[in-house]
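Chains P and E, in that order, are what the protein sequence lines are. For the first sequence, our numbering gives the first residue as 1, with consecutive numbering after it. For the second sequence, our numbering gives the first residue as 1001, with consecutive numbering after it. Even glycine gets a Cβ: it sits at the ideal position worked out from N, Cα and C. Before any comments, here is the structure.
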Amino acid sequence: DGGITQSPKYLFRKEGQNVTLSCEQNLNHDAMYWYRQDPGQGLRLIYYSQIVNDFQKGDIAEGYSVSREKKESFPLTVTSAQKNPTAFYLCASRITGGNTEAFFGQGTRLTVV
Amino acid sequence: QKEVEQNSGPLSVPEGAIASLNCTYSDRGSQSFFWYRQYSGKSPELIMSIYSNGDKEDGRFTAQLNKASQYVSLLIRDSQPSDSATYLCVKMGGTSYGKLTFGQGTILTVHP
Chain P
1 DGGITQSPKY
11 LFRKEGQNVT
21 LSCEQNLNHD
31 AMYWYRQDPG
41 QGLRLIYYSQ
51 IVNDFQKGDI
61 AEGYSVSREK
71 KESFPLTVTS
81 AQKNPTAFYL
91 CASRITGGNT
101 EAFFGQGTRL
111 TVV
Chain E
1001 QKEVEQNSGP
1011 LSVPEGAIAS
1021 LNCTYSDRGS
1031 QSFFWYRQYS
1041 GKSPELIMSI
1051 YSNGDKEDGR
1061 FTAQLNKASQ
1071 YVSLLIRDSQ
1081 PSDSATYLCV
1091 KMGGTSYGKL
1101 TFGQGTILTV
1111 HP
């Protein structure tokens, strides 16, 4: 089945550690996005990529890094520089060109312990 | 000014009533607009998309876009308890090509 897979579903990290969240899609979409959602809040854009080997900072990129080496994969690394990493992280993808909607993965809930 | 701003909630309506959700945006060049619904702890799911000025209807849902006023709305007719969720207004494009920006969401509760 086509879709977006985020793993793991739940992730626990110790303070000071880097952690990488996985996002894979088999929809052949060009664009991929990472969002962060805090309780009772909307989605805030961390990074997005329109094409392989290229990505742009979103509104809250500090403390995060990404790579886009393959079309189907867009991993997000939460670094130790991110002071409040506990949140729900959502990955999305869409076809570029035209007015197409984004499809979302099931999310990863990251907790710093 | 926030790129996308939704009317503050929460919004509570009785079953069978019309729920009205509103959204304004700051980038006049924005091209496309979407309404997503999100249940607690779940991913957002698309309800409606709208690109041209005017109304677009799909079942119980009507989206309205006014680019001159930079205003988007969603009407839900015959509201059902299952419509209780957070509704997210999204804009695409503008000065940043391909950027998808979400509003802060409006919590809707439909009570029996």
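**OP:** For the beta strand (DSSP E) holding LYS70(P), just list the boundary residues, first then last.
**Re:** Residue mapping note: residue 70(P) aligns to position 70 of the first sequence, counting from 1. LYS70(P): not part of any beta strand (DSSP E); DSSP gives it neither H nor E.
Original post:
At what residues does the beta strand (DSSP E) containing TRP1076(E) begin and finish?
Top reply: The count along the second sequence starts at 1 and reaches residue 1076(E) at position 76. Rather than Trp, the amino acid found at residue 1076(E) in this sequence is Ile. 1071 to 1076 is the span of the beta strand (DSSP E), which, as asked, contains ILE1076(E).
**OP:** Identify the contact partners of ALA102(P) in chain E, using a Cβ-Cβ distance below 9 Å as the criterion.
**Re:** What you label residue 102(P) is simply residue 102 of the first sequence in a count that begins at 1. Per Cβ cutoff of 9 Å: PHE1034, TYR1036, PRO1044, LEU1046, VAL1090, MET1092 and LEU1100.
Original post:
Under 8 Å Cβ-Cβ, which residues of chain E neighbour TYR33(P)?
Top reply: In the first sequence, residue 33(P) corresponds to position 33, counting from 1. Simply LEU1100.
**OP:** Using DSSP bridges, identify the partner residues of SER22(P).
**Re:** Position 22 of the first sequence holds residue 22(P). Partner(s): SER7(P).
Original post:
How would you list, in chain order, the residues of chain P whose beta-carbon sits under 7 Å from the beta-carbon of GLY1029(E)?
Top reply: Counting from 1 along the second sequence, the entry for residue 1029(E) is found at position 29. Within 7 Å Cβ-Cβ: nothing; GLY1029(E) doesn't reach chain P, min ~14 Å.
**OP:** Could you name the residues of the same chain whose beta carbon sits closer than 7 Å to that of LYS57(P), not counting the 5 residues immediately before and after it, in chain order?
**Re:** Numbered from its first residue, the first sequence carries residue 57(P) at position 57. TYR47, listed in sequence order.
**OP:** Grab the span of the beta strand (DSSP E) containing GLN1038(E) for me, first residue to last.
**Re:** Residue numbering aside, residue 1038(E) sits at position 38 when the second sequence is read from its first letter. Residues 1030 to 1038.
Subject >> the stretch 1105 to 1112 of chain E touching the stretch 1052 to 1059 of chain E, judged by at least three CB pairs closer than 8 Å >> reply: Segment contact: the stretch 1105 to 1112 of chain E against the stretch 1052 to 1059 of chain E, fewer than three CB-CB distances shorter than 8 Å; contact not assigned.
Subject >> CB of PRO8(P) within 8 Å of CB of THR108(P), strictly >> reply: Here residue 8(P) refers to the residue found at position 8 of the first sequence. Here residue 108(P) refers to the residue found at position 108 of the first sequence. Result yes, Cβ atoms of PRO8(P) and THR108(P) sit closer than 8 Å.
Original post:
DSSP state of SER1082(E), grouped into three classes?
Top reply: In the second sequence, residue 1082(E) corresponds to position 82, counting from 1. DSSP places SER1082(E) in helix when its eight states are reduced to three.
Original post:
How is ASN1007(E) classed by DSSP in three states: helix, strand or coil?
Top reply: Taking the first residue of the second sequence as position 1, residue 1007(E) is located at position 7. DSSP places ASN1007(E) in coil when its eight states are reduced to three.
**OP:** Please name the residue in SER22(P), GLY105(P) and ASN84(P) whose C-alpha comes closest to that of VAL66(P).
**Re:** Locating residue 66(P) in the first sequence gives position 66, counting from the first residue. For the residues SER22(P), GLY105(P) and ASN84(P), the minimum Cα distance to VAL66(P) belongs to SER22(P).
Original post:
Closest by CA to SER1020(E), which one among TYR1039(E), LYS1067(E), GLN1001(E) and CYS1089(E)?
Top reply: Against the second sequence, residue 1020(E) aligns to sequence position 20. Per the Cα distances, CYS1089(E).
**OP:** Closer than 7 Å, Cβ to Cβ, to anything on chain P: give me those residues from the stretch 1002 to 1031 of chain E, in chain order.
**Re:** Within the stretch 1002 to 1031 of chain E, the qualifying residues are GLN1031.
**OP:** Counting only runs of 3+ residues fully inside the stretch 39 to 110 of chain P, write out the beta strand (DSSP E) ranges in chain order.
**Re:** Whole beta strand (DSSP E) segments, 3+ residues: 43 to 51, 54 to 57, 64 to 66, 76 to 78 and 87 to 94.
Original post:
For VAL113(P), which of helix, strand or coil comes out of DSSP?
Top reply: If you number the first sequence from 1, residue 113(P) lands on position 113. VAL113(P): coil per DSSP, three-state reduction.
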